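Report on the structure given below.
In this note's numbering, the protein residues as written are 78 to 531.
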């Protein structure tokens, strides 16, 4: 059940219909409530608003004219706002990559602005059609008119905000900053969340590692996924509870962001599962058409890589943007270096180890960055030096030999790529000196010496 909640929440927050629809129904209900109050308390509400807000006596014809004008103006502006939103989304997709589109779909400012205008239209329209024509029943709904006036003022405020927000959201600095802060926030939330999950053990001592290896050796039965698509969410708490009820121990093989072809190993268990148990285990995974944010940290790094790679393409040739992406990736990776965990064990209420998981580790992220960045960064000398300097700083901050080896491998690949693309000797010498800082120049080079620039 929890997996569906995570998936459903992600769909709601990345849609343009949820907030406008919610405000739409709130406006409809609000209009009926204020009309009812106006009808049952005409004199009290009218006198109060006249005395407190200095409202003058209004006629029904004036009210109809005002509401009709408001409805027409609002629906016109809604068309403009909607057109600008679609234009922004189209521009972002073509300029910065299709995966960046999700960030604009999640933009709460756009969603609320559309919602405010549609709700104002619905509210004013409802009040307008509910005005009586019969002279004996006709009355001026002062409270409803006053609320519609406040909504009109809010529309002006949101229009001013929206005019500023649209060009600001298309600034490359804003896009990179938003992705980077999401990445850092997810690192802060994801790892404490796993560590604070009830009875979670992180393998931070030789004794725990030995216990993990012993437990893993008892797992020998493979269970396969029966669904096709990207893993979008996993209900770890549900799996732990299920494993306790079935008296099973298992190691999860798939993580959020992994692709299942319908035949991939889902988990390795201590006993062979029945068909019913296999289906129950599969039901704890939510699959979809693509990678999503809620539990997939690598997806955010992929977005930063995509922006950097597009910036370095021959048609754009913007190394400054690529270096900005590298700076923010360095900030996120520094967080990962401090919080890095390779394996975790989830225990049940009786402290029995039930589920083994593989949290995303720093080495995997560096490998991912290496595959996505190296060949493109090497085409720009300034960006290459910037990435090499970042790798050097992260190498100094690394906490384990595995982290240092992963960073050194990135440096080797970058250095090797630069030797094939950089033709200026002075630049090659500078790159060589930057690479020497890693103390890994004992590797064999094409020239057969420790200094290939001779």
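Where is the CB? At the ideal position from N, CA and C, for every residue including glycine.
Computed from a predicted structure; not experimentally measured.
Check	Outcome
Simplified DSSP state of residue 274, which is helix, strand or coil	Low confidence applies here, because residue 274 scores a pLDDT of 49, under 50, leaving its location unreliable and the question unanswered by this model.
Cα-Cα separation, residue 150 to residue 197	11 Å
For residue 526, the three-state DSSP class (helix, strand or coil)	Confidence at residue 526 is low in this model, with a pLDDT of 40, below 50, so its placement is unreliable and no value can be given for it.
Local conformation of residue 328 per DSSP, three classes	strand
Residues that residue 203 bridges to, as DSSP identifies them	For residue 203, which the question treats as bridged, DSSP gives no partner whatsoever.
Neighbourhood of residue 178 by C-beta distance below 7 Å, restricted to the same chain and skipping five residues each side	166, 169 and 170
DSSP-derived helix/strand/coil call for residue 92	coil
Residue range of the beta strand (DSSP E) that includes residue 208	Run containing residue 208: none; DSSP gives neither H nor E here.
Segment limits, beta strand (DSSP E) that includes residue 337	336-338
Residue environment, residue 175, which counts as buried when at least 16 other CB atoms sit within 10 Å	exposed
Cβ neighbour criterion (16 or more within 10 Å) applied to residue 209	exposed
Alpha helix (DSSP H) segment containing residue 217, residue limits	It is not in any alpha helix (DSSP H) - residue 217 carries neither H nor E in the DSSP assignment.
Residue span of the beta strand (DSSP E) that contains residue 343, given as start and end	342-346
Contact check, residue 148 vs residue 205, beta carbons under 8 Å	yes
Per-residue DSSP class, three states only, for residue 311	strand
Limits of the beta strand (DSSP E) - the one that residue 431 falls within	430-434
Complete alpha helix (DSSP H) runs within the region 160-201 (minimum length 4 residues, chain order)	178-182
Identity of the residues DSSP links to residue 299 by a beta bridge	345
Span of the beta strand (DSSP E), counted from its first residue to its last, around residue 423	421-424
heavy atom of the ligand SAH below 7 Å from residue 380 C-beta	For the ligand SAH, the structure offers nothing, since it holds no ligand at all.
Between the CA atoms of residue 376 and residue 261 - distance to the nearest angstrom	13 Å
Cβ-Cβ distance between residue 333 and residue 305 below 8 Å	no
Residue span of the alpha helix (DSSP H) that contains residue 479, given as start and end	478-498
Extent of the continuous beta strand (DSSP E) to which residue 365 belongs	362-365
Which listed residue (463, 433, 471 and 156) has its alpha carbon closest to that of residue 439	471
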